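The listed protein sequences derive, respectively, from chains H and V. The letter at position 41 of the first sequence is residue 41 when you use the working numbering, and the numbering goes up by one with no holes. Whatever position you read off the second sequence (first residue = 1), add 1000 for the working numbering. Single-structure report; data block below.
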Amino acid sequence: MPKTDLQGTLDLLVLKTLAHNGALHGYGIVQHIQSASNELLSVEEGSLYPALHRMEQSGWIDAEWALTDTNRRAKYYKLTARGRKQLQQAEERFDQLVKGVRAVLRYA
Amino acid sequence: MSLVRRFRNLFQREDVNREIDAELQAHIDMYVDDKMRQGLSHAVARREALLRFGNPTSTRERVTAADTTLSLGRFWADLRYAGRQLLKSPGFSVTAILSIAIGIGANTAIFSSMDAVVLRPLAVPAMDRVLTVVEHQERTGDDNVALANYEDWVHRSRSFEELSVRDGVDMSLTGAGDAAHVHAEFASSDFFRVLRVQPLLGRLFVADECTAGRDTVAVLSYGFWQRRFASDPSVLARTIELDQRNYTIIGVLPKSVQYPSIGELFLPFAPTPQQLANRSDHEYLVEGRLREGVTVQQAQADLRSIATQLAETYPATNRGWTIHAEPLLDGVNGPLTPLYYRLLMGATLFVLLIVCANVANLQFARGIGRRSEIAMRTALGASRMRILRQLLTENILLSLIGAGGGLIFGWLYLRLTLVFMPERVARHMSGWSNISLNGRAFAFSLVLALLAGLVSGLAPALEALRINLSDQLKAGSRSTIGASRRRWLRNIFAMAQISLAVALVIGAALMAKGMNAQLHIADTYAPEKVLTFGVALPEKRYDKKSQVAWYANSLAKLRSLPGVTHAVITNALPYSDYGWNREFQIENRPVMPGKDQNALNLVVDPGYFSAFHIALLDGRGFNPGDSLQSTPVAIVSRRFVAQYFPGQNPIGHRIHMGRTDTHDPWVTIVGIADEAKYTLWDQNQYSVVYVDAAQLPSPTTSYALMTDGDPLALAEPARKALASIDPTLPLDSVLTYRHVLNDQLIGLMYAAGMIALDALIALFLAAIGIFGVMANVVGEQTREIGVRLAMGARREDVLRMILARASRLTGIGLGTGLVLAFLLARMVANLLRGVRPDDPLVFIGIATAIALIAVASSWIPARRASRVDPLQALRSE
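Structure below.
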């Protein structure tokens, strides 16, 4: 069975968001996930930032300070090549998980 | 690289924290901005943001953790914690660090010395590919190489990149300070290519210069340049005179390549056509560098097949000869030096083991006091791995500090060994001048420190974890839960210390005794009352007749010096391991094929026999009637008679020294002398043929002057007396006979001295070990002792109880130690001559001494136990 957990799902969401939007800061990521999921998913900041930093240390994403539209300094994250590969694997794993869970639900 | 980044983050924690704060703040600010845009007031928006965000400190902590999650962070914390713990018990720390410093220091010093002398004595690239090649005859063994054979190897062999040839010759040097004898190597220019050596100064000679007429250039060895020219860089282009011929100095070799170690000068070898055609003078030394991928065996097989061809082509000179090749490294030091070093390294590693046992023991003792600390940490949720790692970190820190001290101690130790080595002996060890504490020694001590930390820390740390949490917390720090197991382990460590110490001390004592026997082997000659020196008469100026005249004159002058009782000459002194072992033939007796027929050929004056107390058993001695004009005569040793004339009287028979093809005359045996021993290390027993210097003089000889006073006081008068006959003639190695003998034994003395030092340290550590164990036993059992005393036990009973326990420990340690020592002694005796493995006196003496030391070191704790005040002991719990 593919190894997957909630944290893996958060990573997947963040990576996908960055793949879709290019560089984005933490707040932007929260906003994007919220709107893209039609307000179904809400990411907690308390989980997001440790995850971002962990992924940065793992070399999946890169960070850079830049100014926002409203002229605030914020830390922008963007995907690295390694992150892209990671995203692909995470997507495959998630598909497997969904398929598996579906199958079980149908059977029951 | 993320690892690097995390590592960096570790040390820039402040910066990391500030950046995280800024990032989180920016998030909150953007949230507030958005909400205000939707119409909320600033205050409301901010409140909502903070509520949603949760506890910012905890978020920041978690983000920080993500940035530094690496065990490094914990390692750093462990290290600081360990440092604090060590500072808390300074007595323990100082003792442990000191003993580790001694153990690691001694090991580092011995290793440095061994590294320089044995492992890499020469800075020759790919030295494993450099071989020495000798010719080998079935009857007489290895011999040097004949030049014509060498030439054929060069042309026919396919195994070598280069082959080189050289010939060592003693020459007299003039034109640079006092006239002196120097050891020159006539070498082909390929010699330097084989070694891949580059000059320190100037240049090396080339093939072109190895031709007659162009060969007047000289390259100096580093040591010679230093001794004779005081490392003067302007020495190049200077002219020196060697055997009345001028040579220009063109280069100096580096310190890192002093090979051969006795070589002082290198001169181009320009062979004559006669030399090139000679297959019978086995005089030359050959070195070669193997081609890439060729093994020593392949090269040897290659050369042997050439030797077989040569034996067929030139049966007269080459039949029975084959070839032996071996790596250069094997030949650089001879067999004894590497042996001593291995022995010493082994003994010194023993000491380190004892140190580890000692530190482990100290840790056990400390573990008792720390049990509640560990219990508390476990109760607070620390995992066993976590605590184990922290305890080991503590040990490794201890060892590393010890290793730091060890480097200082090792440096001192090395200085000591260097200071006590006489220059005249060190000169013969290629790598000696390279000894230093270098990077390799440093790495070695670091590895030892880490190993020592693990070895000494693991058992106590595992033991410390083995606690019953609730019992421990309930009972408090002074109880003795699990004491029996702990004591059992500690006893093992103490016994191991004793047995290792016993083995080392006995080994050292046996070696010292063997050395002592060797040192006194020549006492019948009263060697401290004998002055010796060497003279070499240049054959160009001294023909046979003037040699004879010189010896007669010089001996007469020396004998007339005040204080001289005897003045004699011989070309080999007893026990000097020197002498000319020659083949010989007996008249009218064909040499049996395969029968080895040779004897030491010594050239002496008539007074030699009485001066060295060698009795004449039969016939006559030499007398003034024996001269160049009269028939040459010889005196043979008793062993000679037993070997070649068993049951017969050899007197009147004639023998011919040297091979059949030499021009030496036939000599008539006129007397039989009692045995005298000319070997010290050489295990062979030689027959001796003495001839008279007045009939068959030797151009090089040793003088021995015997006196009742200080022999060195005779040195100056002797020098003056001889200079009055020939002022240009230098005297070599003016030393007392005692010095000459001691130099022969210096390797053994060194090894014995160092091992004795190791043994002393071991003994000392073992005494500390026993003391530590017994002190702790008493400390742990104060309550039990109190009860015993309260119940009516007498103080003597308590004393006896503690001493009995110490004796049991010592007894078992001694028992295993004696077995170990016996095995060790047999090994050492196999390796070293003069050492007897079955010396009951040494075994019993040392065992008794160590038993006494062990009991003495447990006396203080035992006394303390017997003085326990029962009331106080019971109250204090």
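Just so it is clear, CB atoms sit at the ideal spot from N, CA and C, and this is done for glycine as well. Note that this is a predicted model, so its numbers are computed, not measured.
- Using a Cβ-Cβ cut-off of 7 Å, Y27 of chain H is close to H1027, M1030 and Y1031 of chain V, given in chain order.
- In this structure, L1328 of chain V lies away from E1283 of chain V, with their beta-carbon atoms at least 8 Å apart.
- By DSSP's assignment, L1310 of chain V forms no beta bridge with any residue.
- Every unbroken stretch of the alpha helix (DSSP H) spanning 4 or more residues and falling wholly within the segment 1577–1659 of chain V is given here in chain order: 1608–1611 and 1638–1644.
- As summarised for the segment 48–81 of chain H, the continuous beta strand (DSSP E) elements at least 3 residues long and confined to that stretch are 61–67 and 73–79, given in chain order.
- Per DSSP, the continuous beta strand (DSSP E) segment holding Q1137 of chain V begins and ends at V1130 to Q1137.
- Counting along the chain, no alpha helix (DSSP H) covers A1572 of chain V, and no H or E run does either.
- Counting only residues of its own chain and dropping the five nearest sequence neighbours on each side, F1224 of chain V has a CB closer than 6 Å to the CB of E1264.
- Contact between V1219 of chain V and G1251 of chain V holds: their C-beta atoms lie close to 4 Å from each other, under 8 Å.
- The beta carbon of T1700 of chain V sits closer than 8 Å to the beta carbons of D1170, G1534, V1535, A1536, L1537 and N1571 from its chain, once the five residues preceding and following it are set aside; these are given in chain order.
- Shown here for R1620 of chain V: same chain residues with a beta carbon closer than 8 Å to its own, the five before and five after excluded, namely V1670 and G1671 in chain order.
- Excluding sequence positions up to five before and after L1731 of chain V, its CB lies within less than 8 Å of the CB of F1533, G1534, V1535, A1718, R1719 and L1722, all in the same chain and listed in chain order.
- Within chain V, the residues G1054 and T1059 have their CB atoms less than 7 Å from the CB of G46 of chain H, given in chain order.
- For T1532 of chain V, the enclosing beta strand (DSSP E) stretches over residues V1530 to A1536.
- Going by DSSP, W1666 of chain V is part of the beta strand (DSSP E) stretching over W1666 to A1673.
- In terms of beta-carbon proximity, L1204 of chain V stays away from the interface with chain H, with every pair separated by 8 Å or more.
- At a cut-off of 8 Å between C-beta atoms, Q86 of chain H does not count as an interface residue with respect to chain V.
- Pairing G1457 of chain V with L1380 of chain V, the inter-Cα distance amounts to about 23 Å.
- Take V1296 of chain V, set aside five residues on each side of it, and the residues of its chain with a beta-carbon closer than 8 Å to its own are L1131, L1290, A1325, E1326 and P1327, in chain order.
- In this structure, the straight-line span from the alpha carbon of L10 of chain H to that of M1036 of chain V is close to 28 Å.
- The beta-carbon distance between V1530 of chain V and M1749 of chain V, rounded to whole angstroms, is 20 Å. This is too long to meet the 8 Å contact definition.
- Pairing Y1247 of chain V with T1216 of chain V gives a Cβ-Cβ distance under 8 Å.
- Among the bridge pairs identified by DSSP, P1422 of chain V is matched with none.
- The continuous stretches of alpha helix (DSSP H) do not include S1436 of chain V, and DSSP gives it neither H nor E.
- Assignment of W1681 of chain V by DSSP, reduced to helix, strand and coil, places it in the coil class.
- When DSSP assignments are scanned along the segment 1258–1346 of chain V, the uninterrupted stretches of beta strand (DSSP E) that are 3 or more residues long and fall wholly within it turn out to be 1265–1268, 1285–1290 and 1321–1327.
- Inter-residue distance for E1716 of chain V and V1734 of chain V is about 10 Å (C-alpha atoms, whole angstroms).
- A distance of 8 Å or more separates the beta carbons of P1268 of chain V and E1185 of chain V.
- For L1050 of chain V, no CB of chain H lies under 8 Å from its own CB, so it is not counted at the interface with that chain.
- In the same chain as A1116 of chain V, and ignoring 5 residues on each side of it, the C-beta atoms closer than 8 Å to its own belong to G1431, W1432, N1434, I1435 and S1436, in chain order.
- Sixteen is the threshold: since fewer than 16 other Cβ atoms of the shown chains lie within 10 Å of the Cβ of G1845 of chain V, the residue is exposed.
- When rounded, the separation of the alpha-carbon atoms in S1627 of chain V and N1318 of chain V is 38 Å.
- In the structure shown, S1112 of chain V falls within a helical segment according to DSSP collapsed to helix, strand and coil.
- At least one CB of chain V lies nearer than 8 Å to the CB of A74 of chain H.
- Within the segment 1027–1067 of chain V, the runs of alpha helix (DSSP H) that reach at least 4 residues and sit entirely inside it are, in chain order, 1042–1053.
- When Cβ-Cβ separations below 8 Å define contact, L1760 of chain V makes no contact with chain H.
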